[in-house]
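Here is the structure we will look at.
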Amino acid sequence: VPGRAEPAVAFIDGQACTLEEAVAAAAERLRRSRLAVFAGLGCDVDGVRSVVRLARRIGGAIDHLGGTAYGAEIQALRDAGFFLTSPAEARVRADCILVIGPGAFRDGAESLRRICDQAPRLAAPQASRSIIWLGSQKLAARDFEFKDVLPIAVPSAQLQPTLATLRAHLAGRPVRSTSLSVRRLDAVGQLLRRAQFGVAIWACGDLDALGIETLTGLMRDLNRTTRFTCLPLIPDDNAAGAAMALTWLTGFPSNICFARDAVDFDPWRFDAARLAASGEADLAIWISAFRETWPDWASQIEVISLGRAGGGRARPRCSIEIEVGIPGVDHDSVHMSAASGSLAVHCADKPGGAPSVAEVLGSLEARLDRPRRARR
Amino acid sequence: MIRLAGGRIIDPAHGRDEIADLWIAQEKIIPPPTDISGHETIDVAGRIVMAGAIDIHSHIAGASVNTARLLLPEHNKAHRRRPATTPLSRLGWTTGETGRLYASMGYTTVVEPAIAPHNALHAHLELADTPIIDKAILAVLGNEDFLLSLLRADAGPEAIRDYVAATVASSRALGVKVVNAGGAMAFKHNIRSFGLDDIVPSYGITSRRIVTALQRAVAELGIPHPLHVHCNNLGEPGNVETALATIEALAGARAHLAHVQFYSYGKEGKRGFSSAAARLAEAINAAPHVTVDVGQLMFGETVTVSSDVLRQFTASNLARPRKSVIIDGEGNGGGIVPMIYRRSSFANAIQWAAGLELFLLIEDPCRVFFTTDHPNGGPFTLYPELFALLMDRELRKTWIETLPKAAMELTTLPEIKREYSLGEIATMTRAAPAKLLGLSDRGHLGAGALADVAVYHERRDRAAMFRSADLVFKDGQLVVRNGKLATSRSGKTLQVAPRPSSAVERRLDQYYRDLYGVSRDLFVVPEETRGFLGPFKSVPCGA
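So the protein sequences, as listed, match chains A and B.
The first sequence runs 1 to 376 under our numbering.
The second sequence runs 377 to 919 under our numbering.
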């Protein structure tokens with residue numbers, strides 16, 4: 001392709017091209033589309049800002065949470081409220097940590113290590129920390145550096161029913177537990193009650209919304225007599241930060257559409273998978289700047305991808321791919337810090353690499369202002 | 377150059393209430409020029425011309441406000457089409473709507489008063505996305521281990537001052553607020569009720585000590601806005617004693633008490649809940665060093681958003697709908713609890729009346745500020761109704777008649793005859809807040825001031841008049857016409873920039889690494905040149 005930049009950063013129908021050509025082609029696709037859906041939103045806050053600007057302008061839909069492991073937490077908060085603390089506060093104060101499900105010691109191991117690597121220094125004097133692992137699994141010793149963990153094996157499918165049984169038992173209701181004996185339930189319950197500042201921790205994706213709601217109920221009960229709160233370990237793809245930014249920009253964390261004059265919110269209607277399968281949307285813009293991800297509904301709709309470029313490999317209906325930089329690595333970024341549990345600035349290690357999502361979508365938006373190119 | 381011709385200029389900062397022209401060139405108000413070539417005249421005869429209004433206490437941005445948005449999608453008009461007229465559904469909820477709705481009422485500067493320093497970046501990101509108006513945050517201190525440890529160690533005023541300077545600078549705040557000093561920390565130790573002289577467990581210091589230490593630090597740093605105090609025991613029957621004791625504890629030192637309506641309750645009557653607003657107003661009248669805002673309660677649905685996690689946890693039993701979010705942060709916590717204030721409720725009627733009593737019994741409009749503690753007492757979109765209530769005793773009477781008699785008997789409101797004048801409204805919402813915040817460039821219409829100007833059609837229906845300004849200029853730019861957005865623009869974020877010593881910076885860096893195991897950089901709001909935030913403007917800090 002004449003004028004092609006080296007190294008190639010963009011592809012149209014599997015053919016390498018310049019960034020400018022890819023952006024021009026993407027603008028043309030957006031113009032032609034009946035309804036476009038922006039999905040994934042694995043990008044920094046500036047990226048989310050540019051998605052909202054563009055979606056508002058073209059009357060597009062946004063499904064952010066369909067592609068992430070954070071949707072259940074948002075749904076549970078919306079349905080039933082939440083108890084929440086930060087990783088730093090858990091580190092300095094938690095004398096009892098209730099780990100729920102398998103993911104926390106696996107995907108969340110780094111966060112968990114940071115929380116547990118010293119005694120809770122702001123807890124009561126002489127307080128130590130106990131760790132209870134509800135839903136424990138066997139892990140190789142070399143992968144598991146946590147000491148003094150009380151494992152309570154529960155089959156995955158029984159995890160949420162066990163939480164419900166535990167809550168019922170603590171509330172003094174008669175229970176017949178299938179996965180844990182009542183004596184065991186009682187022992188766990190006593191440990192939770194004796195905590196002075198307990199924190200329940202799980203990896204996003206391990207509990208569904210109903211499970212989290214059950215846990216929130218358990219927290220409410222425990223807080224009648226002691227202090228207990230929650231800390232979901234969030235994925236490091238800024239799913240939580242993007243949901244926050246969408247919320248202040250549009251009023252909602254996800255599944256919205258700007259096709260009418262006011263923003264419409266409907267989790268079912270603006271689910272990207274459904275929009276693709278039904279044909280209601282004819283174009284998807286898939287954004288995954290943090291790591292390579294690909295939606296399973298992608299074969300059902302034409303996709304423009306902003307992420308790690310695959311050169312058209314194994315992405316049959318991906319018409320345009322634009323490689324974007326990793327936020328905080330290739331360009332300065334504001335996104336959710338798993339370490340602080342808040343939005344933070346992440347400075348680029350090697351700035352000047354591939355463009356950011358905000359830059360690509362910004363030039364795409366500018367393209368929409370230009371007169372339409374004559375079709376060849 | 378623009379001439380606003382023939383309007384009634386109400387500018388209490390300069391003692392003006394007269395028919396005159398107002399001249400604007402670029403972003404400033406100018407004296408009548410000798411060379412008027414090339415100017416545009418806008419005829420505002422028969423209309424009221426005031427400076428742009430300033431809201432000193434409105435929760436418009438930040439992690440807690442955003443969590444409230446998440447918690448209550450049913451209050452968004454996009455989600456729930458009926459009833460379209462509930463106060464919250466008119467609120468808009470987004471940062472974009474916040475800027476637009478404030479501007480359409482003639483407000484040009486709004487202060488978000490409760491941002492935990494660790495979440496300051498989040499708040500500034502939202503403010504950068506809030507168009508038209510200027511804005512600022514207050515940093516919430518008073519429950520964090522670093523400060524409490526300094527006090528426990530009797531570290532002396534200089535160390536406290538250094539710490540406050542460093543935190544205000546790193547969070548880019550305009551001032552400092554203290555929320556139930558020590559209460560959030562006590563709640564972490566499972567304490568459920570915390571007063572001014574209660575002791576924070578494991579630190580051995582009282583709430584009183586925290587408040588007075590912070591008050592002194594803010595004053596000594598020369599931060600123009602005095603310490604903004606959210607007292608203990610918010611919402612509790614009999615808590616007027618706490619407010620009175622706090623005023624006394626200040627011992628003549630300057631401070632601002634926030635949303636005092638929520639501290640103006642006695643224990644009289646069968647239900648043990650009454651208005652003590654008259655007593656509180658009397659004490660405020662006698663304490664010239666104290667300013668207050670009211671936090672008026674208005675009936676309807678709303679959501680309470682507060683750093684007073686102890687209070688919010690207690691109030692979560694009253695949540696309607698029945699869901700709430702309770703947050704234990706590193707320093708302050710937070711709680712988001714939805715509420716419905718009902719006319720038929722005895723307690724809500726007392727609260728409504730107590731707020732109005734405070735407005736009407738505090739004599740000096742320079743020392744009482746106009747707030748609903750948005751959204752805690754009601755959304756800011758209800759301000760116009762509140763202006764009308766203050767300006768019209770007959771209107772108040774019609775409201776009082778619809779409220780529980782037993783409640784009205786426990787307040788002095790029915791006997792109060794005072795009506796606010798337009799001049800007093802302008803003082804309370806323009807001249808006085810500018811002075812309180814140290815913003816000499818606004819709140820008045822003198823030459824050299826920013827051309828933040830609101831023009832209203834004078835109407836007998838004061839609510840209609842203030843609901844939609846006829847014309848609004850921000851920095852000389854026409855942003856609202858007939859109550860509708862004319863042009864959008866980005867406003868600035870105002871901050872003070874005290875210079876912390878390098879010693880305290882080093883000490884804090886070390887503290888974060890040791891205790892929290894993370895870099896303190898994660899919590900520092902970056903330079904605007906990084907591009908994530910809007911423009912900042914520094915307000916001089918005169919030590």
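Virtual Cβ for every residue (Gly too), placed ideally from N, Cα, C.
Our two residues, leucine 283 of chain A and aspartate 63 of chain A, have alpha carbons roughly 13 angstroms apart in a direct line. The beta carbon of tryptophan 728 of chain B sits closer than 6 angstroms to the beta carbons of Leu673 from its chain, once the five residues preceding and following it are set aside; these are given in chain order. Taking 7 angstroms as the CB threshold, threonine 68 of chain A stays off the interface with chain B.
Around alanine 659 of chain B, the same chain offers Leu620 and Ile623 as residues with beta carbons nearer than 7 angstroms, after the five sequence neighbours per side are excluded.
Relative to the Cα of leucine 514 of chain B, the nearest Cα in the group B:Leu815, B:Glu488, B:Gly893 and B:Arg698 belongs to B:Glu488. Taking a beta-carbon distance threshold of 7 angstroms, asparagine 495 of chain B counts as an interface residue toward chain A. Looking at the DSSP output, threonine 225 of chain A sits in no beta bridge, so it has no partner there. If you draw a straight line from the Cα of arginine 838 of chain B to the Cα of methionine 767 of chain B, it is about 8 angstroms long. Per DSSP, reduced to three states, the secondary structure at valine 894 of chain B is coil, with no helix or strand assignment.
Contacts with chain A at 7 angstroms (Cβ-Cβ) do not include asparagine 519 of chain B. Chain-ordered, the chain A residues with CB closer than 9 angstroms to the CB of threonine 471 of chain B read Trp248 and Leu249. For the C-beta of threonine 229 of chain A, the chain B residues within less than 9 angstroms are, from N- to C-terminus, Ile702, Ile703 and Asp704. For lysine 553 of chain B, the beta-bridge partners assigned by DSSP are B:Val516 and B:His604. Within chain B, the residues placing a beta-carbon under 8 angstroms from that of proline 253 of chain A are Leu446, ordered along the chain. The alpha helix (DSSP H) runs lying completely inside the segment 289 to 331 of chain A and spanning 4 residues or more number zero. DSSP, read as helix, strand or coil, puts tryptophan 399 of chain B in strand.
For serine 337 of chain A, the chain B residues whose C-beta falls within less than 7 angstroms of its own C-beta are Leu898, listed in chain order. Note on the segment 705 to 756 of chain B: whole beta strand (DSSP E) runs with a minimum of 3 residues are 710 to 717, in chain order. Assignment of beta-bridge partners to threonine 485 of chain B by DSSP yields B:Ile430 and B:Asp510. Separation of arginine 875 of chain B and alanine 531 of chain B (C-alpha to C-alpha, rounded to the nearest whole angstrom) is 20 angstroms.
One Cα belongs to proline 267 of chain A, the other to alanine 61 of chain A, and the distance between them is close to 11 angstroms. When Cβ-Cβ separations below 7 angstroms define contact, serine 319 of chain A makes no contact with chain B.
Around the C-beta of glutamine 75 of chain A, 16 or more other C-beta atoms lie within 10 Å, and the residue is accordingly described as buried.
When the beta-carbon positions are compared, alanine 72 of chain A and tryptophan 202 of chain A stay at least 7 angstroms from each other.
In the DSSP secondary-structure assignment, alanine 39 of chain A is bridged to A:Asp63 and A:Trp286. For the C-beta of alanine 88 of chain A, the chain B residues within less than 7 angstroms are, from N- to C-terminus, Glu706, Tyr892 and Val894. Beta-bridge analysis with DSSP links histidine 335 of chain A to A:Ala344. Residue environment analysis places glutamate 770 of chain B among the exposed positions, since fewer than 16 neighbouring C-beta atoms fall within 10 angstroms of its C-beta.
Collapsing the DSSP output to three states places isoleucine 623 of chain B in a helix. Valine 45 of chain A: member of the alpha helix (DSSP H) spanning 45 to 58, first to last residue. Comparing alpha-carbon positions, the option among A:Ala200, A:Thr226, A:Ala80 and A:Gly47 lying closest to methionine 244 of chain A turns out to be A:Gly47.
Put simply, of B:Leu826, B:Phe842, B:Arg882 and B:Ser866 the residue whose alpha carbon is nearest the alpha carbon of alanine 401 of chain B is B:Leu826. The residues Ile536, Tyr579, Ile581, Arg585, Ile586 and Ala589, in chain order, have a CB closer than 8 angstroms to that of leucine 527 of chain B in the same chain once the five nearest residues on each side in sequence are set aside. The C-beta of arginine 308 of chain A comes no closer than 7 angstroms to any C-beta of chain B.
In terms of Cα proximity to glycine 414 of chain B, the closest of B:Gln871, B:Asp397, B:Arg379 and B:Ile405 is B:Arg379. By the rule that beta-carbons nearer than 7 angstroms mark a contact, threonine 226 of chain A touches chain B.
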